[in-house]
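Chemist: Chains as they are written, first to last, in the working numbering: chain Z, 1 to 219; chain D, 1 to 219.
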DNA sequence: ATATATTTTTAGATATGCCTAAATATACTA
DNA sequence: TAGTATATTTAGGCATATCTAAAAATATAT
């Protein structure tokens with residue numbers, strides 16, 4: 001099945017939205033995710049429906065099919081492998097790789113990806129802690145808990161980040177909250193859900209709810 | 001200056017045709033090179049003319065401008081660096097890399113290319129012996145003589161290949177005419193321009209004019 | 001349950017990049 | 001140099017992917 005650039009991006013967006021809550025994905029939600037207009041989404045959904053990567057009935061939202069899920073996972077696999085390459089081999093920082101990987105993920109060559117995977121030593125996680133699907137779309141996600149849900153006194157290791165925008169990642173660099181860092185909750189403020197945490201038993205800081213929701217930990 | 005995928009491909013084709021003979025490039029020549037129709041070329045030439053990467057007056061052929069030449073060289077730089085990456089790092093054979101590099105050459109990120117160049121150790125030549133332009137479009141081509149022009153008894157080292165199609169490269173692999181191999185002309189047949197050669201003082205074979213024109217040597 | 005608000009779709013454009021068929025300009029040749 | 005062949009351009013379409021504005025369907029709230 002051959003998908004265009006644009007089709008791959010829509011599919012990926014629908015996959016992500018499916019996982020982030022309801023199975024039913026809305027036209028507006030996709031438009032938001034992709035910074036396009038709802039009218040454009042409607043057009044594309046009809047095309048994706050014909051290709052049987054989603055099931056779509058107008059006004060009824062859209063569901064990704066198994067075929068679509070596997071297609072999306074292949075694009076995600078490529079994206080994450082390229083991110084590993086950029087960080088591990090080309091010495092990019094983790095906040096610089098997303099945009100470039102958005103381009104690289106559309107390169108069509110199964111052999112290239114197999115060789116790249118090998119060259120990188122078959123990594124299982126990308127620089128943001130997200131799991132890399134294998135050739136069959138299989139992956140194992142480690143159990144992840146947002147920092148925001150930790151109880152007072154609770155602790156865990158940073159295993160992934162939800163928001164991968166440069167600004168957020170740069171902030172994490174600044175406070176030293178790298179992947180693998182240990183975070184312990186010292187205090188929680190009920191009124192705004194901010195918390196005081198200590199990173200690697202060294203640095204004590206306050207983080208807002210916005211931040212604590214986007215840091216994922218293993219227990 | 002931002003060029004589209006298609007614009008970059010046209011520019012590259014025009015650059016190659018400019019170098020391979022006349023400065024004036026023909027509409028049909030470009031159509032041939034890109035496997036498109038002359039009518040499509042005419043459309044594109046008008047666009048490229050507006051962007052000032054070529055000078056074009058209808059029925060008068062087209063010339064690449066300095067701005068266009070530099071643009072083309074950047075695409076060529078990316079193409080050749082990716083080819084080095086594919087062969088040196090991902091263990092592709094030299095006949096497998098062209099198509100993939102055709103895709104990779106359009107990735108937009110100056111920083112990526114700078115880092116890739118560094119990672120590869122600033123290579124000066126690609127896997128087919130072609131020089132890699134630097135960031136300013138500068139490169140030094142070694143003097144190249146087609147095998148077909150060598151006199152009887154003459155010899156040289158394979159420094160590049162003109163035809164980079166998989167079939168030709170596989171043929172060269174088969175006869176052992178890798179980059180760096182020594183070739184000596186043992187006999188020349190005037191009637192069909194075929195020749196008998198010896199490769200690395202070991203293997204004697206006959207090659208047609210078609211082949212000898214596409215093997216480039218240093219003297 | 002009816003009115004209002006929101007979401008989604010349709011209709012009609014636009015831009016890119018390609019095509020075929022026909023017209024026109026240039027080149028070649030007798 | 002006239003006539004033919006070749007090269008090039010124009011005209012009109014098509015597909016993809018986007019948009020705005022308006023219409024239609026669905027959701028919500030009193």
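For every residue, glycine included, the Cβ atom is placed at its ideal position computed from N, Cα and C. These figures come from a predicted structure and were not determined experimentally.
Please name the residues in the stretch 45-70 of chain Z whose beta-carbon is closer than 7 Å to at least one beta-carbon of chain D, in chain order.
Modeler: Answer set for the stretch 45-70 of chain Z: empty.
Chemist: Pick from 124/Z, 209/Z, 80/Z: whose alpha carbon is nearest that of residue 187/Z?
Modeler: Of the candidates 124/Z, 209/Z, 80/Z, the one whose C-alpha sits nearest the C-alpha of residue 187/Z is 209/Z.
Chemist: Taking buried to mean at least 16 other C-beta atoms within 10 Å of its own C-beta, is residue 74/Z buried or exposed?
Modeler: Residue 74/Z comes out buried.
Chemist: Grab me the residues of residue 139/Z's own chain with a C-beta within less than 7 Å of its C-beta, minus the 5 sequence neighbours each way, in chain order.
Modeler: Taken in chain order, the residues that qualify are 131, 132, 133.
Chemist: In chain D, which residues lie less than 8 Å from residue 109/Z when you measure between Cβ atoms?
Modeler: Chain D residues near residue 109/Z: 99, 100, 103.
Chemist: Measure the beta-carbon distance from residue 53/D to residue 71/D and round it to whole angstroms, keeping in mind my assumption that it falls under 8 Å.
Modeler: Correct: roughly 6 Å between the Cβ atoms.
Chemist: Tell me whether residue 56/Z is buried or exposed, calling it buried when 16 or more other Cβ atoms sit within 10 Å of its Cβ.
Modeler: Answer is buried; the Cβ neighbour count reaches 16.
Chemist: What are the start and end residues of each continuous beta strand (DSSP E) run of 3 or more residues lying completely inside the stretch 1-66 of chain Z, in chain order?
Modeler: Runs of the beta strand (DSSP E) inside the stretch 1-66 of chain Z: 54-56, 62-64.
Chemist: Just reading off the beta strand (DSSP E) that residue 215/D is part of, what are its end residues?
Modeler: Its beta strand (DSSP E) spans residues 215-218.
Chemist: Assuming residue 155/Z is part of the beta strand (DSSP E), what are its boundary residues?
Modeler: Start and end: 155-161.
Chemist: Residue 176/D and residue 199/D: beta carbons closer than 8 Å?
Modeler: Yes, the Cβ-Cβ distance between residue 176/D and residue 199/D is below 8 Å.
Chemist: Contact between the stretch 87-107 of chain Z and the stretch 110-120 of chain D is defined here as three or more beta-carbon pairs at a separation below 8 Å; is this criterion met?
Modeler: Flag = yes, the stretch 87-107 of chain Z and the stretch 110-120 of chain D touch.
Chemist: Below 7 Å between beta carbons is the criterion; list the residues of the stretch 112-123 of chain D that meet it against any residue of chain Z, in chain order.
Modeler: Flagged, chain order: 112, 115, 116, 119.
Chemist: Which two residues bound the contiguous beta strand (DSSP E) that contains residue 186/Z?
Modeler: Counting along the chain, the beta strand (DSSP E) containing residue 186/Z begins and ends at 182-188.
Chemist: Can residue 219/D be considered in contact with the ligand ADP, in the sense that its beta carbon sits closer than 7 Å to one or more heavy atoms?
Modeler: Only the bare structure without any ligand can be found here, which leaves the ligand ADP out of the picture.
Chemist: Just to confirm the assignment, what range does the alpha helix (DSSP H) spanning residue 100/D have?
Modeler: From DSSP, the alpha helix (DSSP H) with residue 100/D extends over 98-104.
Chemist: Short of 6 Å in beta carbon distance, which residues of its chain neighbour residue 101/Z, apart from the five on each side in sequence? Order them along the chain.
Modeler: The answer, listed in chain order, is 79, 82, 83.
Chemist: Closest to residue 223/D by CA distance: which of 10/D, 127/D, 196/D, 93/D is it?
Modeler: Within the shown structure, residues of chain D are numbered from 1 to 219, placing residue 223/D beyond reach of any answer.
Chemist: Buried or exposed: residue 127/Z, going by 16 or more other Cβ atoms within 10 Å of its Cβ?
Modeler: The residue is buried, with at least 16 neighbouring Cβ atoms inside 10 Å.
Chemist: Could you tell me whether any Cβ in chain D is nearer than 8 Å to the Cβ of residue 81/Z?
Modeler: No, no contact with chain D.
Chemist: My assumption, with CB atoms under 8 Å, is that residue 205/D sits in contact with residue 147/D. Please give the rounded CB distance.
Modeler: Rounded, the Cβ-Cβ distance is 12 Å, inconsistent with contact.
Chemist: Any beta carbon of chain Z sitting closer than 8 Å to that of residue 89/D?
Modeler: At least one chain Z Cβ lies under 8 Å of residue 89/D.
Chemist: Tell me which same chain residues have a C-beta within less than 7 Å of the C-beta of residue 18/D, skipping the five on either side of it?
Modeler: Hits under 7 Å: 25, 64.
Chemist: Any idea what DSSP makes of residue 125/Z, helix, strand or coil?
Modeler: Of the three classes helix, strand and coil, the one that applies to residue 125/Z here is strand, per DSSP.
Chemist: Does the beta carbon of residue 92/Z come closer than 8 Å to any beta carbon on chain D?
Modeler: Yes, because at least one Cβ of chain D sits closer than 8 Å to the Cβ of residue 92/Z.
Chemist: Between residue 156/Z and the rest of its own chain, which residues show a CB-CB distance below 7 Å, the 5 nearest in sequence each way excluded?
Modeler: For residue 156/Z, where only same-chain residues beyond five positions count, the Cβ hits under 7 Å are 145, 150, 183, 217, 218, 219.
Chemist: Helix, strand or coil: which one does DSSP assign to residue 132/D?
Modeler: In this structure, residue 132/D counts as coil in the three-state DSSP scheme.
Chemist: Is DSSP giving residue 168/Z helix, strand or coil here?
Modeler: Three-state DSSP puts residue 168/Z in a helix.
Chemist: With burial defined as no fewer than 16 other Cβ atoms inside 10 Å of the residue's Cβ, what is the status of residue 14/D: buried or exposed?
Modeler: With 16 or more other Cβ atoms within 10 Å, it is buried.
Chemist: Can the beta-carbon of residue 9/Z be found less than 8 Å from the beta-carbon of residue 34/Z?
Modeler: A contact, by the Cβ cut-off of 8 Å.
Chemist: Assuming residue 12/D contacts residue 76/D (C-beta within less than 8 Å), just tell me the rounded distance between them.
Modeler: Contact holds; Cβ gap of about 7 Å.
Chemist: When you compare only the Cα positions, how much space is there between residue 29/Z and residue 68/Z?
Modeler: Each residue's Cα considered, the two are about 18 Å apart.
Chemist: What residue does the alpha helix (DSSP H) around residue 211/D start on, and which one ends it?
Modeler: Note, residue 211/D: alpha helix (DSSP H), 209-212.
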